[in-house]
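Numbering (our numbering), first residue to last: 27 to 380.
In this text, a Cβ means the ideal position worked out from N, Cα and C, and glycines have one as well.
All figures in this text were calculated on a predicted structure; none of them were measured in a lab.
Report on one structure; see the data block that follows.
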Amino acid sequence: MSSIPLLRAENGKILPADTPEAFAQSVALAADWLKRGSVVVLPTETVYGLAASAWNERAIEEIYRLKGRPASNPLIVHVSGMEMAKASVNDWPEAADQLARAFWPGPLTLVLPKRSVIPDRVTAGGSTVAVRWPSHPIFQAVLEQCGFPLAAPSANRSNKTSPTAATQVLQSLGENAPWIVDGGPCPVGIESTVVDVAGKVPRVLRAGMISREAIERVLGRSVGTAQSETLAGNEVETLRSPGLMRSHYAPRADLWTGRWKHGKSARIALTGMGLKMEQVAVISHTIIPEGFERVIVLPNDPEAYARGMYAAWHRCDEEGVAAILVEEPPDGQAWEGIWDRLRRASRGRLEGGI
Ligand code: TXA
Ligand code: MG
């Protein structure tokens, strides 16, 4: 190890990586800690991840403890390429190969039969393992130096909104937060698309910015989804992907969605719930409704919207708002990952031509 990187004065737990020297030092330091079995927070292109060696059971325990995550919810194993992915699984079907070639490195996670080198704790005792080759340069550089795969869930307390910036990690994990390598805002902004390719028919278990249609185009066949299970509110143990539970991604504030022309009836509905307008924040991307004091405008473009969505929710929580009213985005595949998170996070729709 060379010298320790300069720490940001305002926050002793955040390691900068915004110059070539800081990048090299922070990556080396993170890899060193990971080799010793510690947990480190690293940026990925989707959200920040709470990373530890996927081969080290004690380090994996620490991830579950820090997150307050139920032992029944398995972790994603991040790899540095096809070879490391294949070394973590027992089978590499044609569908896995096609999807990995099309979308890796990137925001796609593949669920496959697990190999014994991956401890049962990582997969919550299950026979499959979720693998992903991330594209973020910091995460890739750390993986290269480690030489082993890194298990990493999103770096938030269980059931809270994922962090897309280093400061949000600190807010979520508080004093228990491990060291965080700062990669700036995450360029994708919502979690990866999870596709189960262990069965006969591939299934999208979690929507993301890689759409189901894009996956079907690559595979040349239609794929299933886990939607029927979640929409039925089926939150039982048998659910293949526990992170699909409805409440999983919610901000602290109550989130409602709606479509409006001027916003009058939304105001009436919200005040009818006993809320004052100064306790309500609006997130819109086309029309700013009248009569609201706090408005966050996101771009009317799915990729740019996704990049800013969680940051907007985090900001509402920081400002202590009681309710968030989100202008509903359009339907269609480009928005499906965004709609998925909105549906899970929301208490419902404010109806009535608002
Ligand atoms: O973008 C991402 O996927 C981020 C970054 C850090 O890579 N990670 C992430 O991890 O979102 P986490 O743990 O918050 O969500 C992982 C999801 C959960 O819904 C989990 O239930 C599911 O993947 N999962 C993990 N292993 C699985 C398996 N063997 N079978 C089915 N679902 C699995
Ligand atoms: Mg998560």
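Rounded separation between residue i and residue j - CA only
{"i": "R183", "j": "A276", "result": "12 Å"}
{"i": "H104", "j": "W159", "result": "6 Å"}
{"i": "A48", "j": "K290", "result": "51 Å"}
{"i": "L101", "j": "P175", "result": "12 Å"}
{"i": "D58", "j": "E170", "result": "12 Å"}
{"i": "K39", "j": "P315", "result": "40 Å"}
{"i": "A150", "j": "K287", "result": "47 Å"}
{"i": "A156", "j": "R141", "result": "11 Å"}
{"i": "I294", "j": "E377", "result": "11 Å"}
{"i": "A278", "j": "L125", "result": "For clarity, residue 278 is Arg in the given sequence; the question names Ala instead. Taking the straight line joining both Cα atoms gives about 35 Å."}
{"i": "D117", "j": "P139", "result": "6 Å"}
{"i": "L41", "j": "A292", "result": "43 Å"}
{"i": "P163", "j": "T72", "result": "12 Å"}
{"i": "D357", "j": "P133", "result": "21 Å"}
Residue i Cβ short of 7 Å to the ligand TXA heavy atom set
{"i": "A371", "result": "no"}
{"i": "I102", "result": "yes"}
{"i": "T312", "result": "no"}
{"i": "V306", "result": "no"}
{"i": "D44", "result": "no"}
{"i": "L136", "result": "no"}
Whole-number beta carbon distance between residue j and residue i, since they are thought to touch under 8 Å
{"i": "I208", "j": "A50", "result": "Ile is not the amino acid found at residue 208; the sequence shown has Asp there. Their Cβ separation, rounded to whole angstroms, is 14 Å, which puts D208 and A50 out of contact at 8 Å."}
Closer than 7 Å: residue i CB and nearest the ligand MG heavy atom
{"i": "P204", "result": "no"}
{"i": "E71", "result": "no"}
{"i": "P160", "result": "no"}
{"i": "P179", "result": "yes"}
{"i": "S188", "result": "yes"}
{"i": "E217", "result": "yes"}
Buried versus exposed call for residue i [16 or more other C-beta atoms within 10 Å across all chains shown]
{"i": "S218", "result": "buried"}
{"i": "M303", "result": "exposed"}
{"i": "M299", "result": "exposed"}
{"i": "T70", "result": "buried"}
{"i": "R367", "result": "buried"}
{"i": "I236", "result": "buried"}
{"i": "S13", "result": "The question about residue 13 has no answer here: the residues shown for the chain are numbered 27 through 380."}
{"i": "T283", "result": "buried"}
Below-8 Å beta-carbon distance, residue i vs any chain D residue
{"i": "W59", "result": "Structure shown: chain D not included; a single protein chain is present."}
Which runs of the beta strand (DSSP E), 3 residues or longer, sit entirely within the stretch 188–215?
none
Could you tell me which uninterrupted alpha helix (DSSP H) segments, each at least 4 residues in length, are contained entirely in the stretch 346–380, listed from first to last along the chain?
362–371
Scan the stretch 277–309 and note each continuous beta strand (DSSP E) run of 3 residues or more that stays entirely inside, going in chain order.
280–284
Report the start-end ranges of each beta strand (DSSP E) in the stretch 76–124 that is 3 residues or longer and not cut off at the edges.
102–104
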